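Residues 3 to 335 in my numbering are what the sequence shown spells out, letter by letter.
Please read the structure below before turning to the comments.
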Amino acid sequence: MSTIDNLTLNPIQTFGNQSLNCPFCSSTNSKKQHGVAGFLFLYCNHCKSVFRSDAHVVVAFEYPEEYYGDAEKEKFWFAPIVWMLNSERRSRTRYIAKRIPLANTSVIDIGCGNGALLTRIQQKTNCNAIGIEMDSVAARRASKNTKLSIISKPFQEVDLPLHSFDAVVTIHSFEHIAQPQQNLEKASRLVKTDGMLYIAIPNIASFQYKLFGRYWLHLDPEFHLHFIHPDFIKSTMLSKGFMFRKARHFNPVQNIPGFVLSALNLVTGKRDVLFDMLRNRKKLRNPFNVLLFLLLLILSAVLLPIAITEELVSVALGRGATVDFVFSKNKPV
Ligand SMILES: [Zn+2]
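Written as structure tokens, this is what we have:
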């Protein structure tokens with residue numbers, strides 16, 4: 003039985019309304035937020051984070067192959083999406099490369115996926131590049147670049163020298179890993195003095211989450227274990243001796259499709275129908291699905307102007323659906 007199946011054995015009724023410790027602030031003052039896909043999500047009244055009732059349980063996570071899509075190199079086969087993902091990677095690479103030293107540089111990407119971002123950073127800076135990715139289709143894709151050292155072990159089990167990285171990067175991976183406070187602690191200790199921690203996460207304080215709740219794309223209930231509140235990650239990092247550098251809310255690549263797909267979840271009452279088709283081309287072998295795919299694309303086009311408006315308003319008010327946080331370490335911790 004896969005770990006995913008094991009996790010679904012934790013149905014809502016197991017925990018009822020029982021309060022569990024928040025994985026960020028340890029408070030027991032939490033309330034039930036959603037029951038989605040057999041998982042219970044709780045809201046912490048103290049730090050305003052949201053977490054799955056099993057966010058503290060470390061399991062040898064095994065994602066279904068479908069999760070990584072059926073294209074050769076990427077999670078998505080649909081060319082416009084790959085183009086958008088590459089533009090997002092270019093933008094992050096530019097930001098990071100400008101702010102790390104030119105020689106003897108080390109970068110680690112925790113949850114590096116197919117290694118596409120790390121590859122760009124390595125090519126631009128010639129850094130020593132380490133990627134952590136659990137054994138999966140993604141890790142195999144990343145390992146094809148021999149200039150990257152890919153480690154397929156849980157982050158907490160990886161033995162790495164402290165204070166040795168100019169940039170510790172984690173892009174939409176943090177929320178997948180259990181025991182987030184311990185992971186943040188370990189990631190912080192890996193950063194050199196004057197180095198940076200670059201962390202991209204879904205934003206639980208976003209308008210999209212307020213609007214769509216349990217239908218929000220980024221809730222991704224099977225795989226996202228926790229959502230730290232932006233204010234709490236800032237205060238946590240400051241307490242670890244870091245300085246807050248930026249919170250980038252503008253991310254049309256994540257946020258505009260995120261709005262459209264969340265709206266489709268709401269309208270169809272089913273999660274991620276179009277999203278799964280964009281990942282797995284084989285789903286389109288069925289003529290009915292081809293028709294559905296076209297219909298959902300048309301509906302997406304209709305929703306697009308609303309999604310763009312939401313992104314602009316959210317960016318202006320600092321409530322983007324995803325946020326890239328950058329912190330720099332100004333003293334050894
Ligand atoms: Zn909390």
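Where is the CB? At the ideal position from N, CA and C, for every residue including glycine.
On a predicted model such as this, the values are computed, not experimentally measured, just so you know.
Which residues in the same chain as residue i place their Cβ atom closer than 6 Å to its Cβ, once the five residues preceding and following it in sequence are excluded?
i      : result
GLN256 : THR324
SER190 : LYS242
ARG250 : ASP326
ASN31  : ASN47, HIS48
ASN12  : Note that ASN12 has pLDDT 39, beneath the 50 cutoff, so the model's placement of it is unreliable and no number is given.
THR121 : ASN147
Let me check you understand the geometry: is the CB of residue i closer than 7 Å to at least one non-hydrogen atom of ligand 1?
i      : result
HIS48  : yes
CYS114 : no
SER241 : no
CYS129 : no
PHE26  : yes
SER55  : no
SER237 : no
SER29  : yes
SER108 : no
SER190 : no
SER51  : yes
Leaving out five residues before and five after residue i in sequence, what residues of the same chain have Cβ atoms less than 8 Å from its Cβ?
i      : result
ALA318 : none
LYS188 : PHE157, GLN158
Between which two residues does the beta strand (DSSP E) harbouring residue i extend?
i      : result
ARG250 : 244-250
GLN125 : Careful: GLN125 lies outside any beta strand (DSSP E), inside the alpha helix (DSSP H) at 118-127.
LYS236 : Segment 232-241 is the alpha helix (DSSP H) holding LYS236; no beta strand (DSSP E) there.
GLN35  : 32-38
LEU360 : Examination of residue 360 is not possible in this model, given that the chain is present from 3 through 335 alone.
SER108 : 108-112
Looking at the secondary structure, which residues open and close the alpha helix (DSSP H) in which residue i lies?
i      : result
ALA309 : 289-318
MET86  : 81-100
LYS50  : Premise fails: LYS50 is in no alpha helix (DSSP H) and is neither H nor E.
LYS146 : First-last for LYS146: undefined, no H or E at that position.
PHE214 : 209-214
Using C-beta distances below 7 Å, list every residue in its chain close to residue i, excluding the 5 sequence neighbours before and after it, in chain order.
i      : result
SER108 : CYS129, ASN130, SER166, PHE167, ASP168
LYS285 : ASP278, MET279, ASN291
PRO163 : none
GLN124 : ALA131, LYS149, LEU150
GLU177 : ILE203, PRO204, HIS226, LEU227, HIS228, PHE229
LYS126 : THR95, ALA99
ALA265 : LEU305
SER208 : SER316, ARG321, GLY322, ALA323
SER175 : ILE112, GLY113
PRO232 : ASN205, ALA207, ALA249, VAL325
SER51  : CYS24, PHE26, ILE206, HIS228, PHE229, ILE230, HIS231, PHE234
GLN183 : PRO25, PHE26
Would DSSP call residue i helix, strand or coil?
i      : result
THR5   : Legend: pLDDT at THR5 = 35, less than 50; position of this residue unreliable, value from coordinates given subsequently. It is helical.
LYS272 : coil
HIS178 : helix
SER138 : coil
PRO204 : strand
GLY190 : First, the residue type needs correcting, since residue 190 is Ser and not Gly in the sequence shown. Helix, per DSSP.
ASN12  : Note on ASN12: pLDDT 39, under 50, position unreliable in the model; no value is reported.
ASP326 : strand
ARG336 : Because the chain is modelled from 3 through 335, residue 336 falls outside the range shown and cannot be assessed.
ALA169 : strand
GLY260 : helix
HIS228 : strand
LEU286 : helix
PHE157 : helix
LEU199 : strand
LEU221 : helix
LEU22  : coil
LEU104 : coil
ASN267 : helix
Using only the heavy atoms of ligand 2, determine whether one of them is closer than 7 Å to the beta carbon of residue i.
i     : result
ASN47 : The model depicted lacks ligand 2 and carries ligand 1 instead.
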